[in-house]
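J.: One structure, pasted below without further comment.
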Amino acid sequence: MSDVRAVSTTLSYVLALAIATLLITGLITAGGTYVDSQREQVIRDELRVVGQQIAADVERSDRLVRAADSDDPTITLNRTLSNRVTGASYELTLVPSDQTLVVNTTRPDVTVRIGLTVETPLGATSARGGDIQIRYDQGADHLEVRNV
1463 MSDVRAVSTT LSYVLALAIA TLLITGLITA GGTYVDSQRE QVIRDELRVV
1513 GQQIAADVER SDRLVRAADS DDPTITLNRT LSNRVTGASY ELTLVPSDQT
1563 LVVNTTRPDV TVRIGLTVET PLGATSARGG DIQIRYDQGA DHLEVRNV
């Protein structure tokens, strides 16, 4: 009898295990990448919703400032938002140079920019998620966003 047949069976078994391991590893890697991609998309969508809410409040504050009868109006709008979106903390930033609201997370790195249509100047201010206040700063003559 020959030993060639026994080696062939063992070799086939080892090769089958190696191929199965490679396939499973590939599926796990692809699945993990897909889940990360989907999570980033969900975070982006949630940031867009939060940003639209704050942008609407900033634009509403602008209209109130312009409609005020006095030269030194007092405008303050409070909004309670969630502290996190899909488990990630976020930050809101007003960018006066291009009149945008930037909403971003750092882990994962996702940024959403929302254009603002305002005539009142914006202050370069930021706030973390949670209890937010949009107010008109009379001394600096600008709208700002901050935490309360």
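With the sequence shown counted from 1, adding 1462 to any position gets you our numbering.
In this text, a Cβ means the ideal position worked out from N, Cα and C, and glycines have one as well.
Thinking just about the alpha-carbon of each residue, which of N1609, V1574 and H1604 is nearest to the one in G1592?
T.: Numbered from its first residue, the sequence shown carries residue 1592 at position 130. When only C-alpha atoms are compared, the closest one is N1609.
J.: Where do the N-terminal and C-terminal ends of the beta strand (DSSP E) with N1566 fall, by residue?
T.: Taking the first residue of the sequence shown as 1, we reach residue 1566 at position 104. Where N1566 is concerned, the enclosing beta strand (DSSP E) stretches over T1562 to T1567.
J.: In this structure, does DSSP put S1532 in helix, strand or coil?
T.: Here residue 1532 corresponds to residue number 70 of the sequence shown, with the count starting at 1. In the structure shown, S1532 sits in coil (DSSP, three-state: anything other than H, G, I, E or B).
J.: Shorter than 7 Å, the distance from the beta carbon of E1502 to the closest heavy atom of the ligand PLP, or not?
T.: By its list of ligands, the structure shown contains no ligand whatsoever, and the ligand PLP lies outside what it can speak to.
J.: Do you know whose CA, among G1488, R1569 and E1553, lies nearest L1563's CA?
T.: Position 101 of the sequence shown, counting from 1, holds the residue named residue 1563. Closest by alpha carbon: E1553.
J.: By Cβ distance below 8 Å, which residues in the same chain neighbour Q1515 in space, the five residues on each side in sequence not counted?
T.: Counting from one through the sequence shown, the residue named residue 1515 turns up at place 53. Excluding sequence neighbours, Q1515 sits near R1541 and L1543.
J.: Between which two residues does the beta strand (DSSP E) harbouring N1545 extend?
T.: The sequence position of residue 1545 within the sequence shown is 83, counting from 1. Careful: N1545 lies outside any beta strand (DSSP E) and carries neither H nor E.
J.: Is the region 1528–1542 in contact with the region 1596–1603, if contact means three or more CB pairs nearer than 8 Å?
T.: A contact exists between the region 1528–1542 and the region 1596–1603.
J.: Please report how far the alpha carbon of A1478 lies from the alpha carbon of I1490, in whole angstroms.
T.: What you label residue 1478 is simply residue 16 of the sequence shown in a count that begins at 1. What you label residue 1490 is simply residue 28 of the sequence shown in a count that begins at 1. Approximately 18 Å, taken between the alpha carbons.
J.: Going by other Cβ atoms of all chains shown within 10 Å of its Cβ, with 16 needed for buried, is L1484 buried or exposed?
T.: Mapped onto the sequence shown, residue 1484 falls at position 22. By the neighbour-count rule (16 or more Cβ atoms within 10 Å), L1484 is not buried but exposed.
J.: Can you grab the Cα-Cα spacing for the pair P1570 / E1502, in whole Å?
T.: As a working mapping, residue 1570 is identified with position 108 in the sequence shown. As a working mapping, residue 1502 is identified with position 40 in the sequence shown. Going by the C-alpha atoms only, they are around 7 Å apart.
J.: Do L1556 and A1586 have their C-beta atoms closer together than 8 Å?
T.: Within the sequence shown, numbered from 1, the residue matching residue 1556 stands at position 94. Within the sequence shown, numbered from 1, the residue matching residue 1586 stands at position 124. Cβ distance < 8 Å, so L1556 and A1586 count as in contact.
J.: Using DSSP's beta-bridge definition, name the partner residues of D1599.
T.: By 1-based counting over the sequence shown, the position of residue 1599 is 137. For D1599, which the question treats as bridged, DSSP gives the partners H1604.
J.: Could you say which of T1579, V1565, N1545 and A1530 lies nearest to Q1600 if we only look at CA atoms?
T.: Here residue 1600 refers to the residue found at position 138 when the sequence shown is read from its first residue. Here the closest residue by C-alpha is A1530.
J.: With DSSP run on the structure shown, which of helix, strand or coil describes T1579?
T.: Reading the sequence shown from its first residue, position 117 is the one you call residue 1579. Correct three-state label for T1579: coil.
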